[in-house]
Amino acid sequence: MATQVKSDTDRAARLFHALSDGTRLSILQRLRFGERCVCDMTDALDAAQSRLSFHLKVLKDAGLVTDRREGRWMYYTLNPETLAEVAATLGWLASAPTPSERKIGCC
4 MATQVKSDTD
14 RAARLFHALS
24 DGTRLSILQR
34 LRFGERCVCD
44 MTDALDAAQS
54 RLSFHLKVLK
64 DAGLVTDRRE
74 GRWMYYTLNP
84 ETLAEVAATL
94 GWLASAPTPS
104 ERKIGCC
(Lines of atoms letter the chains of each structure in order from A and count residues from 1; the text may use other names and numbers.)
(Lines give C-alpha, C1' and ligand atoms only; values in the text may rest on other atoms or scores of the structure.)
Protein backbone atom coordinates (compact mmCIF):
# COMPACT_ATOMS: atom_id res chain seq x y z
CA MET A 1 0.00 0.00 0.00
CA ALA A 2 2.82 2.47 0.84
CA THR A 3 4.43 1.75 -2.54
CA GLN A 4 1.17 2.60 -4.31
CA VAL A 5 0.87 5.89 -2.39
CA LYS A 6 4.47 6.78 -3.31
CA SER A 7 3.80 5.93 -6.96
CA ASP A 8 0.59 8.01 -6.98
CA THR A 9 2.41 10.92 -5.33
CA ASP A 10 5.26 10.74 -7.85
CA ARG A 11 2.77 10.67 -10.72
CA ALA A 12 0.87 13.67 -9.32
CA ALA A 13 4.15 15.57 -8.92
CA ARG A 14 5.05 14.95 -12.59
CA LEU A 15 1.61 16.10 -13.72
CA PHE A 16 1.63 19.23 -11.60
CA HIS A 17 5.17 20.06 -12.66
CA ALA A 18 4.03 19.93 -16.29
CA LEU A 19 1.13 22.23 -15.40
CA SER A 20 3.28 24.69 -13.44
CA ASP A 21 4.42 26.82 -16.36
CA GLY A 22 2.48 29.64 -18.02
CA THR A 23 3.59 28.70 -21.52
CA ARG A 24 2.50 25.11 -21.03
CA LEU A 25 -0.87 26.25 -19.71
CA SER A 26 -1.26 28.51 -22.75
CA ILE A 27 -0.51 25.53 -25.00
CA LEU A 28 -3.17 23.46 -23.22
CA GLN A 29 -5.67 26.30 -23.58
CA ARG A 30 -5.08 26.38 -27.35
CA LEU A 31 -5.44 22.61 -27.58
CA ARG A 32 -8.87 22.77 -25.92
CA PHE A 33 -10.22 23.76 -29.33
CA GLY A 34 -8.78 20.71 -31.05
CA GLU A 35 -5.64 19.44 -32.67
CA ARG A 36 -3.02 22.07 -33.50
CA CYS A 37 0.16 22.12 -35.54
CA VAL A 38 3.30 23.46 -33.90
CA CYS A 39 3.43 26.19 -36.55
CA ASP A 40 -0.06 27.39 -35.51
CA MET A 41 0.96 27.57 -31.86
CA THR A 42 4.24 29.31 -32.72
CA ASP A 43 2.29 32.14 -34.31
CA ALA A 44 -0.49 32.24 -31.70
CA LEU A 45 1.87 32.24 -28.72
CA ASP A 46 4.53 34.40 -30.39
CA ALA A 47 7.19 31.89 -29.36
CA ALA A 48 10.11 30.23 -31.10
CA GLN A 49 9.52 26.69 -32.30
CA SER A 50 12.44 25.40 -30.21
CA ARG A 51 10.88 26.88 -27.06
CA LEU A 52 7.49 25.38 -27.84
CA SER A 53 9.06 22.03 -28.66
CA PHE A 54 10.64 21.93 -25.19
CA HIS A 55 7.31 22.69 -23.49
CA LEU A 56 5.42 20.24 -25.69
CA LYS A 57 7.92 17.52 -24.75
CA VAL A 58 7.26 18.17 -21.05
CA LEU A 59 3.51 17.95 -21.66
CA LYS A 60 3.90 14.81 -23.78
CA ASP A 61 6.18 13.11 -21.23
CA ALA A 62 3.54 13.78 -18.56
CA GLY A 63 0.91 12.28 -20.85
CA LEU A 64 -1.12 15.49 -21.07
CA VAL A 65 -0.83 15.70 -24.86
CA THR A 66 -0.37 13.25 -27.70
CA ASP A 67 1.21 13.92 -31.06
CA ARG A 68 1.14 12.67 -34.61
CA ARG A 69 3.35 13.44 -37.58
CA GLU A 70 1.99 14.46 -40.95
CA GLY A 71 4.78 15.07 -43.40
CA ARG A 72 7.23 17.41 -41.73
CA TRP A 73 4.72 18.80 -39.24
CA MET A 74 3.80 17.59 -35.78
CA TYR A 75 0.22 17.91 -34.60
CA TYR A 76 -0.72 17.89 -30.92
CA THR A 77 -3.95 17.18 -29.10
CA LEU A 78 -5.06 16.95 -25.48
CA ASN A 79 -5.15 13.57 -23.77
CA PRO A 80 -8.55 13.53 -22.01
CA GLU A 81 -7.68 10.50 -19.88
CA THR A 82 -4.73 12.27 -18.27
CA LEU A 83 -6.76 15.45 -17.77
CA ALA A 84 -9.36 13.31 -15.97
CA GLU A 85 -6.55 11.91 -13.83
CA VAL A 86 -5.52 15.47 -12.88
CA ALA A 87 -9.13 16.32 -11.99
CA ALA A 88 -9.44 13.15 -9.89
CA THR A 89 -6.22 13.96 -8.04
CA LEU A 90 -7.47 17.46 -7.26
CA GLY A 91 -10.77 16.00 -6.09
CA TRP A 92 -8.95 13.57 -3.83
CA LEU A 93 -6.82 16.37 -2.36
CA ALA A 94 -9.91 18.50 -1.73
CA SER A 95 -11.85 15.69 -0.05
CA ALA A 96 -12.03 15.18 3.68
CA PRO A 97 -9.79 12.38 4.98
CA THR A 98 -11.42 9.10 5.93
CA PRO A 99 -11.33 7.99 9.57
CA SER A 100 -8.57 5.48 8.77
CA GLU A 101 -6.50 8.20 7.08
CA ARG A 102 -6.87 10.41 10.14
CA LYS A 103 -5.42 7.66 12.36
CA ILE A 104 -2.10 7.73 10.50
CA GLY A 105 0.56 9.37 12.63
CA CYS A 106 2.59 8.96 15.76
CA CYS A 107 0.08 10.17 18.32
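Numbering (this note's numbering), first residue to last: 4 to 110. Ideal Cβ placement from N, Cα and C applies to all residues, glycine included. Here the structure is a predicted model, which means the values were calculated and not measured.
Check: Is residue 59 near residue 68, with beta carbons less than 8 Å apart?
Finding: Translated into the one-based positions of the sequence shown, residue 59 becomes position 56. Translated into the one-based positions of the sequence shown, residue 68 becomes position 65. Result yes, Cβ atoms of residue 59 and residue 68 sit closer than 8 Å.
Notebook entry, point to check: What is the residue span of the beta strand (DSSP E) that residue 38 lies within?
Noted result: Taking the sequence shown and counting its residues from 1, the one referred to as residue 38 is at position 35. Annotation: residue 38 is outside any beta strand (DSSP E) and is labelled neither H nor E by DSSP.
Notebook entry, point to check: Alpha carbon to alpha carbon, what distance is there between residue 10 and residue 79?
Noted result: Stepping through the sequence shown from its first residue, residue 79 is reached at position 76. Stepping through the sequence shown from its first residue, residue 10 is reached at position 7. In a straight line, the C-alpha of residue 79 is about 27 Å away from that of residue 10.
Note to self: Under DSSP, the alpha helix (DSSP H) around residue 81 begins and ends at which residues?
What the structure shows: Taking the first residue of the sequence shown as position 1, residue 81 is located at position 78. Not the alpha helix (DSSP H): residue 81 falls in the beta strand (DSSP E), residues 76-81.
Next item on the list: Report buried or exposed for residue 96, applying the criterion of at least 16 other Cβ atoms within 10 angstroms of its Cβ.
Entry: As a position in the sequence shown, residue 96 is number 93, starting the count at 1. Residue 96 should be labelled exposed.
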